[in-house]
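The structure appears below as structure tokens.
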Amino acid sequence: MPGATRDLLPAPDASTTGLTTAEAEARRRRGEGNRAVSASSRTYGRILRTNVFNLYNSILFVIGAALLALGRYGDAVISVSIGLLNAVISAVQEIRAKRQLDHLQVLGRSTVVVVRDGRDVELVPEDLVRGDVVRVRPGDQLVVDGPVLEGAVEVDESLLTGESEAQARGPGDDLLSGSQVVGGAGLQLARDVGAASYASRLTTEARSATTDTTPLQHQVAFCVRLVMVVVVLMSGAILLQAALEGFTLVRVVQTAAVLSGLVPYGLFFLIVLAYTAGAVTSSRRGALVQRVNAVESVSNVDVVCTDKTGTLTTGRLTVDEVVALDGHEAHEVEVALGSLARSTEAANLTTTALAAGLPGTALPVVEVVPFSSVLRWSAVRTDEVTWVLGAPEALVPALAPTGDASGLDEQVAARTAQGLRVLLLARSVEPAAGVRDAEGRAVLPALEPWGLVALADELRPDVPETVARLRDEGIALKVLSGDDPGTVGALATRAGLPDVRPVHAGDLDRLDDTELDALVAGGSVFGRVAPEQKERVVLSLRRQGRYVAMVGDGVNDARALKAAQVGVAMRSGSAVARDVADIVLTDDTLAALVPARREGRRIITGIAVSTQVFLTRVATQALIIVTVTMIGLGFPYSPAQTGLTLFTVGLPTIFLTAWARPAEPDRHLLLDLARFVLPAAVLTAGFAVAAYTFLYTTITRGFDDPGIRDRLVTEFSRYTGLTYGVDADFVPAAATLGAQTGLSTFVSMASILLILFLEPPARVFAAWTRPSPDKRPVVLVVVLLAGLITALVVPTLHTYFGLTRPAGVVYEIAVPLLVAWFLALGAAYRFRVMDRLLGLAGLGGTPENP
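For any residue, its number in my numbering is found by taking its place in the sequence shown, counting from 1, and adding 251.
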């Protein structure tokens, strides 16, 4: 049980002999091994389940089952295959990200040293058992909880608490798993192991998987549900008509196949493909995407909350300033500090920074007093001199009155106000004065001041530039740290945050949600923030309508990472933070968020344009089917003819999505979809029905004309498989097939030309939006038209698509109608006819003024 230490001490000398191998094995068999809770809840099985059974794929599988029941085996296979392909593409990307993350964790995995059978043994963390004695040294990551048995250590608990100051721990003090030893050395008793350890308990809290649906996914899901409702209603109405008029089973099955084609299968596939391509691109730029929709989600971010230690800073200290005192030269002070730092027995963050930033050589040490939180100073004595380094307030009482310490308090206060850590270097007045009394207790001799050294948290090199870029992108930055608010505020100022007013989080718990929202909206730097308070700040921002990305690296950040719409972790952070995050910054730099956001915006733009194309096709087809069925002129499509969407929707949307440019996400996407789709669908369907009706009636009357009857009979006998004069349905079947050919020709050409409204190459086409600098869509239009005409002319191809050979009358009708359609649609967009008719002008979201 946590906290039960006494029963683990097998003997008074346990700290030196540890457990025997037999005892360790017995404890492992009793279930007291250090089998940790897996931080990752994204198992391979879960990844596959979430990607196979999402909304889009479930729709495709249901349609596939329905088509299978109707005997449309080929169509059923296509529907199910698209769903499975969607799942495979998404799952492969997420599995790829998981394996890359697992590889990073293996690279960062370390061993531990335990005392077994009275000697040191190196083990992997999983081989520890409850009651083991662990030897801890600087650089070690603690993997179990338990008290210090012997020695004194400094630990960095920033990954657990957010506090960047190293904490001193002596005999009897607890060491927590997940913290890092940065100074001193000692022995630790493994009291809480496996699932009972602090890090594992936090991991368990973070295990539940939650994936936010992005705004684009919400909007596309609404459109898909609307299409499904329309398809179901149309299917019911047409099947009822079939029952009343006695349609054959074959006709019913064909009709069902065409109606199922209204569901935008390709849009589902396109979204998955765009997300995956974006995730791969972002990963190459340092942002490893673990959940494919995160690449789009990050494009909506308008506020980034970040921890300080490990995200804005490297977790190391750097020498900011050295101030000489009492008439000494600055170089003398620098050499003394550098030499003292190189002479300590166990390095810590302070001595590491001093040794890295200042000159000096190791001294022949006679006596050392290591730093501790109780003393707040450390000392090194040689045969000639004693040097002491510590907190000014701890050393001032020992300063000899002969030393000149005038203005010391003011100098310390001025630098502390800037968020710097200030230490005083002093030398003993008596050469080589001792630093311990007769009983071995550390004592300060009379001292004379030599200098002050100001240390600063080391900013990551690219942080100021990244903060400026985020500000230019319109993204607010809020720093949430466990450190002192003044220290955090000073560092935030160094990082480039404007108008910094630090807030102490100790007051947050007394605020209700309304008061908290007001405070969070106005503040940018929060200090002494507890893990649950980080989560509360994130939720406050979400209540205010902000789209939040939380950047963290510690176990203490896990709850906030999950609460944000986008969780971002540093590669060098804790395994828990990496596993719950949507994105992992593999180069430990916030700068990777900016290109990831732009990539997401490019994807949103591409999918929005492609959605316009898909929904226009769906609405046009639906209107044509309803209108033609109502006027009783057969059914306007056969299943084979829907294959022409390869030229009108499939290929165009792939290229338009790939060529999209980053743009601000459309906050009124559904409204703008209606503005584009409704005029295009209504006019295209109107002109198409006119062409269909003309051709249907013309062919029907042709059979009454002896001059052309024989030619019509010969022509349509090949296509219908019926016999004129024997089969009563010959004339309606021939008229329907001929009209379908004209209808498909017109609609296909109009759909291809629609690209010119979405990506206008010149002002004459710029009725919907401004002219595009990209001329590739024009080339695409030419290529698609050439491919379509080839399909209409080549006998094998037009037969495959269920069309007749090209007839002059089709083009005599189609070409003039295309010209009239283009002019009418351009006028409808240019003069905002739909806005005027439906009163949409005051609802926002108007397209760009061309």
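For every residue, glycine included, the Cβ atom is placed at its ideal position computed from N, Cα and C.
The beta carbon of residue 860 lies closer than 6 Å to those of 907, 1009 in the same chain, with the five residues before and after it left out.
By the neighbour-count criterion, in which a residue is buried when 16 or more other Cβ atoms sit within 10 angstroms of its Cβ, residue 795 is exposed. Residue 798 and residue 745 have their alpha carbons spaced roughly 26 Å apart. When secondary structure is reduced to three states using DSSP, residue 729 falls in the strand class. Below 8 Å, too few C-beta pairs join the segment 863-880 and the segment 599-615 to call them touching: fewer than three. Note on residue 437: 16 or more other CB atoms within 10 angstroms of its CB, so buried under the neighbour-count rule.
The closest CA to that of residue 869, considering only 389, 427, 924, is found on 924. DSSP places residue 443 in the strand class (E or B) of the three-state scheme. In the structure shown, the three-state DSSP call for residue 541 is coil. Judged by DSSP secondary structure, residue 662 falls within the alpha helix (DSSP H) whose first and last residues are 659-667. In chain order, 863, 866, 867, 870 place their CB closer than 8 Å to the CB of residue 928, counting only its own chain and leaving out the 5 sequence neighbours on each side. A straight-line Cα-Cα distance of about 9 Å links residue 1029 and residue 1004. Here DSSP, grouped into helix, strand and coil, assigns residue 983 to helix. Put simply, of 523, 748, 515, 641 the residue whose alpha carbon is nearest the alpha carbon of residue 716 is 748. Distances from the alpha-carbon of residue 1006 to those of 987, 990, 996, 1034 put 1034 closest.
A Cβ-Cβ contact shorter than 8 Å links residue 526 with residue 546. Fewer than three pairs of CB atoms, one per stretch, sit closer than 8 Å, so the segment 730-739 makes no contact with the segment 682-689.
In the DSSP assignment, residue 638 falls outside any alpha helix (DSSP H) and lies within the beta strand (DSSP E) extending over 637-641. Check the Cα spacing between residue 652 and each of 1078, 700, 552, 470: the tightest is with 700.
A contact between stretches requires three or more CB pairs, one per stretch, nearer than 8 Å, and the segment 1031-1051 meets this requirement with the segment 891-906. Rounded to whole angstroms, the separation of the alpha carbons of residue 465 and residue 954 is 57 Å. Comparing C-alpha distances from residue 423 to each of 411, 441, 429 shows the shortest one belongs to 441. In the DSSP annotation of this structure, the continuous segment of the beta strand (DSSP E) that includes residue 679 starts and ends at 672-679. An exposed status is given to residue 765, since fewer than 16 other beta-carbon atoms sit within 10 Å of its beta-carbon. Here the segment 565-574 lies against the segment 703-711, with 3 or more beta-carbon pairs under 8 Å apart. Two segments are said to touch when three or more pairs of C-beta atoms, one from each, lie closer than 8 Å; by this definition the segment 884-896 does not touch the segment 811-831. Taken atom to atom, the span from the alpha-carbon of residue 281 to that of residue 447 is near 15 Å.
The beta carbon of residue 368 sits closer than 7 Å to the beta carbons of 271, 272 from its chain, once the five residues preceding and following it are set aside; these are given in chain order.
The Cβ-Cβ distance between residue 1084 and residue 930 falls below 8 Å. Excluding its 5 nearest sequence neighbours in each direction, residue 856 has C-beta neighbours in its own chain below 6 Å: 911, 914, listed in chain order.
Per DSSP, reduced to three states, the secondary structure at residue 958 is helical. By the neighbour-count definition (other C-beta atoms within 10 Å, threshold 16), residue 373 is an exposed residue.
The Cβ-Cβ distance between residue 808 and residue 822 does not fall below 8 Å. Annotated as proximal: residue 815 and residue 801, with beta-carbon spacing under 8 Å.
Considered as a whole, the segment 771-826 harbours 776-778, 799-803, 817-821 as its complete beta strand (DSSP E) runs of no fewer than 3 residues, in chain order. Under the three-state reduction of DSSP output, residue 708 falls in the strand class.
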